[in-house]
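Asks: Below you will find the structure I want to go over with you.
Numbering (the numbering used here), first residue to last: 7 to 661.
What follows is the structure, encoded as structure tokens:
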């Protein structure tokens, strides 16, 4: 390729569509690798890895080879990131989504079908499950239904009584998935060639999980024995684990290879890395973006070596372009994060985004006793609610473990604060909002021909008629699912068949006049009393009921998309790509992690990378809360905040 053919600047056709905040943007590293040459983008927090990837993709779409989306594969750990990159390019006028095409569809008519997660791309490239033809209700991917059926077959418990506890199934699955994603030898049922596998007991993370397995199953049962049971069960029912999509991709099938973009490569498991390296070897142009200093893949031992040593393991030359300016991370925050990381790795050189704040809090203890959480008074400085009230509903709370996150969720539930959280943390605000919307719509409603009852307690709404009111289909399903059976006038099959007709017919609402036909007359006085009806709902925990009652008083409206709720409660590992103006980090690691830190160098490095992630999520204020959980040991240095503030002041000037 001649120098004249290299695309080293943003083409005019692309720049014309860039928004004002990118009007001065440049293609970073173009002198090292032009847009039509392969590279690795090393991007510390907030440096715009995805933006730089999108600029290079856009340049190839409008200039030079003018690649079409169908000739590209953009694979990421999270589909939302692939969606973000696609939408940016659409907004910039570099690519178009054809009319009537769902850009997330697996259909061959969708030019963006390989702009997705690596698992989905692997499945689409290999035709995974395409020929599945089974009448077995369990057939397909290993959903909870299949897992429960397996547990019933073995006579073991599936779900723990508390999210932070374990059952025989959970410790088995944890070890099994870890082994498969880390290319560890899990017994005779391995599909991956033995030459690619390493012994199970050579891995420190596997040894930890084996100890948990032995505690639950006893020494008389081997892990390989349960693997054989699970593999036989899957074979009999045509059930597949998600990692098997990647195993299939090792054997055959590739996505488009004119341009391959792999983002978030610091999240790669050994199995993911093996697949992507196979694809890289046959691609014309490759962009691999990541940050080896971060770790957010907790269960599979993601290693910085995947990114750092990639050029040695593939046939393509992949020079590294370092992004050295953070547009999000304030000076003090990065100084704190770099100090933690420096204990195990050399931190990157980074120009940060000016002054910020690190605020230290000590709010008292979050304690768990039997089924109850006890937490600091809501008015106390540094309590979860006080921080939420003071700094606004866009705040993000980060903890090291799910149990800690559940304590924070319990405190916000007590105050009736809506939040987003990961699975097994707190309550489902999707379900809660659905019930609150239904209660709000139904309050005071009495159908024609039904007897009016005593005045409604706690409501200013008097007896109303259904008239033209309608429930969203999803809300109707949730409402009926939480209704006590004695108030219903049809069995489950009839009820859900009736609602399914609405879904299939494309209707998104169920008229109350028709809803009336499926409940008894006694249903209305039980469920039309607003907050007084919350106690009538089944399948709710005491925590759910508390959250519903307090949220009813706090909020004026409930027609909120759960994805639009600003408040987030996440473990550090679940905070992939997340950011907020205010981030609250709860210091502390559990005893098991502490033990591993003392004995394993790999754990120490991964832990430093984990906290590096936590300390670089905030764009304005970073709140560090200490000594909140009695069962944890401190991790962050005691003088982290003042030393970071001093280090961020240039030339030793005054703070």
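Note that beta-carbon positions come from the ideal geometry of N, C-alpha and C, so glycine has one too.
With distance defined between alpha-carbon atoms, name the residue in 387, 533, 244 and 485 nearest to residue 449.
Replies: For residue 449, the nearest C-alpha among the options comes from 533.
Asks: Alpha helix (DSSP H) containing residue 182: first to last residue?
Replies: Per DSSP, residue 182 belongs to the alpha helix (DSSP H) from 174-187.
Asks: Quick check on DSSP: helix, strand or coil for residue 576?
Replies: Residue 576 falls in the strand class under three-state DSSP.
Asks: Between which two residues does the beta strand (DSSP E) carrying residue 363 extend?
Replies: Taken as a continuous stretch (DSSP letters only), the beta strand (DSSP E) holding residue 363 covers 363-367.
Asks: Can you tell me whether DSSP reads residue 564 as helix, strand or coil?
Replies: The answer is coil: DSSP assigns residue 564 none of H, G, I, E or B.
Asks: Return the residue from the list 296, 156 and 600 that minimises the CA-CA distance to residue 312.
Replies: Residue 296 is the option with its Cα nearest to residue 312.
Asks: Please state if the CB of residue 438 and the CB of residue 554 are separated by a distance shorter than 8 Å.
Replies: Yes; because the gap between Cβ atoms is below 8 Å, this pair is in contact.
Asks: State whether the region 32-50 contacts the region 320-336, with contact taken as three or more CB pairs (one from each stretch) at a distance under 8 Å.
Replies: Flag = yes, the region 32-50 and the region 320-336 touch.
Asks: Could you tell me which whole beta strand (DSSP E) segments of length 3 or greater appear in the region 32-107?
Replies: Counting whole runs of 3 or more residues, the region 32-107 contains the beta strand (DSSP E) stretches 45-48 and 78-82.
Asks: Looking only at its own chain, which residues have a Cβ that is under 7 Å from the Cβ of residue 585, when we skip the five neighbours before and after it?
Replies: Around residue 585: 334, 623 and 625.
Asks: Residue 566 to residue 572, Cα distance in whole Å?
Replies: In a straight line, the C-alpha of residue 566 is about 11 Å away from that of residue 572.
Asks: Applying the criterion that 16 or more other CB atoms from any shown protein chain within 10 Å of the CB defines a buried residue, is residue 483 buried or exposed?
Replies: The residue is buried, with at least 16 neighbouring Cβ atoms inside 10 Å.
Asks: Identify which residue in 15, 292, 246 and 229 has its Cα closest to the Cα of residue 212.
Replies: Closest by alpha carbon: 229.
Asks: Tell me which residue opens and which closes the alpha helix (DSSP H) that residue 378 is part of.
Replies: No alpha helix (DSSP H) holds residue 378; the beta strand (DSSP E) holding it covers 378-380.
Asks: Give me whichever residues DSSP pairs with residue 427 in a beta bridge.
Replies: Note: residue 427 sits in a beta bridge opposite 575.
Asks: Can the beta-carbon of residue 505 be found closer than 8 Å to that of residue 270?
Replies: For residue 505 and residue 270, no; Cβs fall outside 8 Å.
Asks: Between residue 62 and residue 31, which are expected to be in contact by the criterion C-beta below 8 Å, what is the C-beta distance as a whole number of angstroms?
Replies: Their Cβ separation, rounded to whole angstroms, is 12 Å, which puts residue 62 and residue 31 out of contact at 8 Å.
Asks: Any idea what DSSP makes of residue 331, helix, strand or coil?
Replies: Residue state, collapsed to three classes: strand.
Asks: Using only the alpha-carbon positions, how far apart do residue 100 and residue 79 sit?
Replies: Roughly 16 Å between the two C-alpha positions.
Asks: Pop quiz: residue 389 and residue 399 are said to be a contact at Cβ under 8 Å. What is the actual Cβ separation, rounded to whole angstroms?
Replies: The pair is not a contact, with the Cβ atoms about 16 Å apart (cut-off 8 Å).
Asks: Whose C-beta lies closer than 6 Å to the C-beta of residue 574 among residues of the same chain, with five residues either side of it excluded?
Replies: So the qualifying residues of the chain are 402 and 426.
Asks: Excluding the five sequence neighbours on either side, which residues of its own chain have a C-beta within less than 6 Å of the C-beta of residue 268, listed in chain order?
Replies: Around residue 268: 81, 282 and 294.
Asks: Could you give the distance in angstroms between the alpha-carbon of residue 466 and the alpha-carbon of residue 536?
Replies: Confidence at residue 466 is low in this model, with a pLDDT of 46, below 50, so the placement of that residue should be treated as unreliable; the coordinate-derived value is given next. Roughly 10 Å separates the two Cα atoms.
Asks: Quick one, are the C-beta atoms of residue 595 and residue 561 less than 8 Å apart?
Replies: No. Outside cutoff.
Asks: Below 8 Å on the Cβ atoms is my contact criterion, and I expect residue 373 with residue 380 to pass it. Report the Cβ-Cβ distance as a whole number of Å.
Replies: About 5 Å separates the two Cβ atoms, so the contact holds.
Asks: List the residues that DSSP assigns as beta-bridge partners of residue 296.
Replies: In DSSP, residue 296 forms a bridge with 48.
Asks: Is the distance from the Cβ of residue 447 to the Cβ of residue 557 below 8 Å?
Replies: No, these two residues do not count as a Cβ contact at 8 Å.
Asks: Quick one: Cα of residue 166 to Cα of residue 172, how far?
Replies: Cα to Cα, residue 166 sits roughly 6 Å from residue 172.
Asks: In terms of residue numbering, what span does the alpha helix (DSSP H) encompassing residue 132 cover?
Replies: From DSSP, the alpha helix (DSSP H) with residue 132 extends over 124-132.
Asks: How far does the beta strand (DSSP E) with residue 517 in it extend, from its first residue to its last?
Replies: Run containing residue 517: 515-517, per the beta strand (DSSP E) assignment.
Asks: Quick check on residue 630: does DSSP put it in helix, strand or coil?
Replies: Residue 630 falls in the strand class under three-state DSSP.
Asks: Using only alpha-carbon positions, find the residue among 60, 126, 18 and 12 that is nearest to residue 71.
Replies: Taking only the C-alpha atoms, the option nearest residue 71 is 12.
Asks: Please list, in chain order, all residues of the same chain as residue 528 whose beta carbon is under 7 Å from its beta carbon, the five residues on each side excluded.
Replies: Excluding residues within five positions, the ones whose Cβ falls inside 7 Å are 493.
Asks: Can you tell me whether DSSP reads residue 148 as helix, strand or coil?
Replies: Residue state, collapsed to three classes: coil.
Asks: Does the pairing of the region 591-606 with the region 628-644 give three or more beta-carbon distances under 8 Å?
Replies: They touch, by the three-pair rule.
Asks: Using 8 Å as the cut-off, can you tell me whether the region 344-355 makes contact with the region 629-637, which would need three or more C-beta pairs spanning the two stretches below that distance?
Replies: No: fewer than three Cβ pairs fall under 8 Å.
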